[in-house]
Amino acid sequence: MSPLRDLLTKQVSSAFATAGYDPALGEVVPSQRPDLGQFQCSGVLAAAKKHRRAPQAIADDVIARLKTSDVFGSVSFAAPGFINLTVTDEFLTSFVEQVGRDERLGCPLIPEPGTVVLDFGGPNIAKAMHVGHLRSSIIGDSLQRLFRFAGHKVLSDIHLGDWGTPMGMLIAELQHRRGITTLDDATAARAAAALSVHDLEEMYLAAATQTRASDESLREALQATVGLQQNQPGYRELWRQLVAVSVAALREDFDTLGVSFDLWLGESHFSDRIPGLVERLLAQGHAVMSEGAVVIPVAEPQDQQEMPPLILVKSDGGYTYATTDLAAVDERAGDLRADAILYVVDKRQGLHFTQVFRAARKTGLARNARLEHLAFGTMNGPDGKPFKTRAGGVMKLKDLIDMVTEAALQRMQDSDIATTFSETERRRLARQVGLAALKFGDLSNVRTSDYVFDLDRFLRFEGRTGPYLQYAAVRIKSIFRKAELSDDEVGGSLIAPQTAGERDLMLALASLGDAVRQAYERRAPNVLCDFAHTLAQLYSHFYHECHILSEGDPGRRASWLRLSQITLRQLGLLLGLLGIEVPDRM
Ligand code: ARG
192 MSPLRDLLTK
202 QVSSAFATAG
212 YDPALGEVVP
222 SQRPDLGQFQ
232 CSGVLAAAKK
242 HRRAPQAIAD
252 DVIARLKTSD
262 VFGSVSFAAP
272 GFINLTVTDE
282 FLTSFVEQVG
292 RDERLGCPLI
302 PEPGTVVLDF
312 GGPNIAKAMH
322 VGHLRSSIIG
332 DSLQRLFRFA
342 GHKVLSDIHL
352 GDWGTPMGML
362 IAELQHRRGI
372 TTLDDATAAR
382 AAAALSVHDL
392 EEMYLAAATQ
402 TRASDESLRE
412 ALQATVGLQQ
422 NQPGYRELWR
432 QLVAVSVAAL
442 REDFDTLGVS
452 FDLWLGESHF
462 SDRIPGLVER
472 LLAQGHAVMS
482 EGAVVIPVAE
492 PQDQQEMPPL
502 ILVKSDGGYT
512 YATTDLAAVD
522 ERAGDLRADA
532 ILYVVDKRQG
542 LHFTQVFRAA
552 RKTGLARNAR
562 LEHLAFGTMN
572 GPDGKPFKTR
582 AGGVMKLKDL
592 IDMVTEAALQ
602 RMQDSDIATT
612 FSETERRRLA
622 RQVGLAALKF
632 GDLSNVRTSD
642 YVFDLDRFLR
652 FEGRTGPYLQ
662 YAAVRIKSIF
672 RKAELSDDEV
682 GGSLIAPQTA
692 GERDLMLALA
702 SLGDAVRQAY
712 ERRAPNVLCD
722 FAHTLAQLYS
732 HFYHECHILS
742 EGDPGRRASW
752 LRLSQITLRQ
762 LGLLLGLLGI
772 EVPDRM
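One point on numbering: in our numbering, the residue at position 163 of the sequence shown is 354, and numbering is uninterrupted.
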């Protein structure tokens with residue numbers, strides 16, 4: 192079904208058209224003055240200019256035609272150029288009926304679905320994750336859910352940092368510690384046996400310090416990197432083992448977070464196609480030699496800031512981060528036939544992606560794929576600097592999840608929630624609540640802005656938080672339990688709203704499709720957060736105004752239960768798109 196705003200816009204546009212005015216000016220949006228009407232059309236001034244008539248005269252013409260529609264109950268002109276619109280209760284009621292019967296609850300599918308690759312710019316092997324990786328997983332997960340729901344085929348790729356010098360450093364360090372002089376597959380397997388992810392992290396930190404302090408160590412690390420990239424005996428095997436250890440731990444962490452990927456590829460995956468790609472780009476004249484390096488110039492005349500060329504091959508023969516990204520575009524747009532490739536990566540990498548996107552377009556590697564950098568800001572600690580764990584160290588996902596779970600447990604205790612639960616159940620709920628706090632705390636911000644990680648605020652059961660929304664959904668479930676109805680037994684038909692609270696709730700339920708579409712178009716999970724929060728608040732008003740369970744009129748009671756059910760389903764859908772679980776009870 193088409194969203195409410197489309198339907199209203201169609202009505203008003205056709206009124207513009209039959210009155211002889213440009214129908215494009217009939218766009219309807221929610222009112223900025225709800226006291227004057229539920230919706231507004233602001234096209235009157237533009238029409239006055241275009242058709243050289245007074246705004247009042249134009250509005251009169253349009254309003255005269257809208258008076259006969261059975262959608263609008265009141266329509267009025269407000270200077271300088273607004274038409275205020277309110278729909279009839281009958282129309283609203285039947286629209287919400289349709290939403291309730293619609294499997295997608297009033298959310299449209301996009302007209303032309305395609306294949307979308309979502310690059311999560313994932314963590315790096317052996318290096319502890321940082322907050323950027325946390326944000327990219329939370330935001331990326333919500334976007335993959337939203338894109339799938341919109342109708343796309345989505346291929347999400349964790350895109351691990353598993354290639355290049357860091358891996359060489361790790362290999363050299365291990366060789367050192369085990370006294371390995373010549374590496375072959377058998378020694379590699381022995382060296383890597385029984386290594387844990389903690390060993391890797393510890394080794395990486397030691398190696399990083401070593402290579403900074405000594406040229407000899409740096410030389411060894413670079414040598415190991417070359418050994419790996421040139422596929423010398425043992426190197427690939429050792430690398431494979433190290434990656435396996437790290438990936439096993441990451442899989443567990445992402446599982447706990449509730450984030451999954453279709454593809455667990457890393458930067459290494461694209462390395463094989465790099466030499467051929469460089470050759471082709473040189474032969475085609477897209478890449479040129481410059482000071483011993485191979486580069487693709489990407490500057491454009493209208494650039495406001497300096498735009499360095501993309502370096503494809505460094506003068507020492509090595510490839511760069513950008514080379515890998517270009518090779519990845521080639522595979523995704525070429526072999527996977529992606530219609531869009533989206534990168535959920537920190538906004539500070541903006542220049543990098545501008546270079547890569549321009550190079551990918553001008554070389555034709557992008558084919559027809561849209562390339563978008565879905566940038567995000569930093570999650571800061573209370574000191575305004577990128578968030579660190581209490582120990583001051585870099586973050587481990589597992590520790591962070593444990594931390595939010597413990598805090599949720601404490602908060603639940605303070606708020607007398609789940610007091611009758613068994614210990615296991617209470618822990619399970621605490622994890623759901625903690626993750627809801629973490630995810631909503633992140634997703635409710637405008638994607639590109641920085642925000643402060645304030646667990647205390649994120650965990651409140653009242654306010655604009657994940658736990659509040661969970662609580663709102665659980666409360667509706669408990670109404671059904673008290674009414675002794677299972678979800679599919681709540682099937683009553685709606686009657687027209689009698690109170691403002693009912694009407695406002697219905698208007699929100701009718702608008703889900705608009706919100707979800709806007710979130711999709713703007714790649715903005717915060718729009719979903721806002722809508723879910725508004726919906727929960729409106730339901731709460733309605734709930735206090737309309738005493739569902741004690742209502743004596745069976746028709747009304749049934750209608751209110753049905754409104755509750757549609758609200759619950761919409762909340763469930765929204766929380767699902769945010770990657771937040773709805774507990775059964777709390
Ligand atoms: N692994 C990189 C990092 O930790 C981010 C990769 C971003 N994605 C990409 N396709 N470049 O910074």
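Heads up, the beta-carbon is just placed ideally off N, CA and C, and yes, glycines get one too. All values derive from a computational prediction rather than experimental measurement.
In the three-state scheme derived from DSSP, where H, G and I count as helix and E and B as strand, Met192 is classed as coil. In the three-state scheme derived from DSSP, where H, G and I count as helix and E and B as strand, Val388 is classed as helix. Distances between the C-beta of Asp310 and the heavy atoms of the ligand ARG include at least one below 6 Å. The beta carbon of Gly572 is closer than 8 Å to those of Phe578, Lys579, Val643, Phe644 in its chain, skipping five residues each way along the sequence. Under the three-pair Cβ rule at 8 Å, the stretch 361 to 370 counts as touching the stretch 388 to 403. For the pair Gly704 and Gly217, the CB atoms are not nearer than the 7 Å cut-off. DSSP, reduced to helix, strand and coil, places Lys344 within a strand of the structure shown.
Asp348 has its Cβ no nearer than 6 Å to any heavy atom of the ligand ARG. Under a 10 Å Cβ-count criterion, Thr514 is classified as buried, with 16 or more other Cβ atoms of the shown protein chains found around its own Cβ. With a cutoff of 6 Å, Asp705 does not count as near the ligand ARG, since its C-beta is closer than that to no heavy atom of the ligand. At least one heavy atom of the ligand ARG is found less than 6 Å from the C-beta of Val536. Excluding the 5 residues flanking it on each side, Asp537 has same chain C-beta neighbours closer than 6 Å at Gly323, in chain order. Contact between the stretch 663 to 683 and the stretch 750 to 767 is present: 3 or more CB-CB pairs across the two stretches fall below 8 Å.
Residue pairing of Thr306 in beta bridges, as defined by DSSP: Lys344. In the DSSP assignment, Pro221 falls outside any alpha helix (DSSP H) and within the unbroken beta strand (DSSP E) covering 219 to 221. Less than 7 Å separates the beta-carbon of Leu556 from that of Asp521. In terms of CA proximity to Arg713, Ser333 leads the group Glu497, Ala245, Glu281, Ser333. Cβ contact annotation for Lys505 (same chain, cutoff 8 Å, sequence separation greater than five): Ala484, Thr511, in chain order. Taking 7 Å as the cut-off, the Cβ atoms of Ala524 and Ala560 count as close. Exclusion of the five residues before and after Pro774 leaves Leu620, Gln623, Gln661, Val665 as the residues of its chain whose Cβ lies within less than 7 Å of its Cβ.
For Cys232, the enclosing beta strand (DSSP E) has its first and last residue at 230 to 232. For a cut-off of 8 Å, the C-beta gap from Gly331 to Ile301 is around 19 Å, too long to register as a contact. For the ligand ARG, no non-hydrogen atom lies closer than 6 Å to the CB of Asp453.
One alpha carbon belongs to Asp494, the other to Thr545, and they sit about 11 Å apart. If one requires a minimum length of 3 residues, the beta strand (DSSP E) runs lying completely within the stretch 473 to 540 are 479 to 481, 484 to 487, 501 to 504, 531 to 537, in chain order. It is roughly 17 Å from the alpha-carbon of Leu309 to the alpha-carbon of Arg558. The stretch 223 to 310 contains, as complete beta strand (DSSP E) runs of 3+ residues, the segments 230 to 232, 263 to 269, 273 to 278, 306 to 310 (chain order). By the CB criterion at 7 Å, Glu288 and Leu698 fall outside the cutoff. In this structure, Asn315 has its CB closer than 6 Å to one or more heavy atoms of the ligand ARG. In this structure, Ser327 lies away from Val637, with their beta-carbon atoms at least 7 Å apart. Only buried fits Pro658, as 16 or more other CB atoms lie within 10 angstroms of its CB.
By the neighbour-count criterion, in which a residue is buried when 16 or more other Cβ atoms sit within 10 angstroms of its Cβ, Glu497 is exposed. According to the DSSP secondary-structure assignment, Asn315 is paired through a beta bridge with Gly352.
Looking at the backbone, the Cα of Leu325 and that of Gly352 are separated by about 15 Å. For Tyr642, the beta-bridge partners assigned by DSSP are Met570. Of Tyr426, Gly632, Phe340, Gln601, the smallest CA-CA separation from Met570 is found for Gly632.
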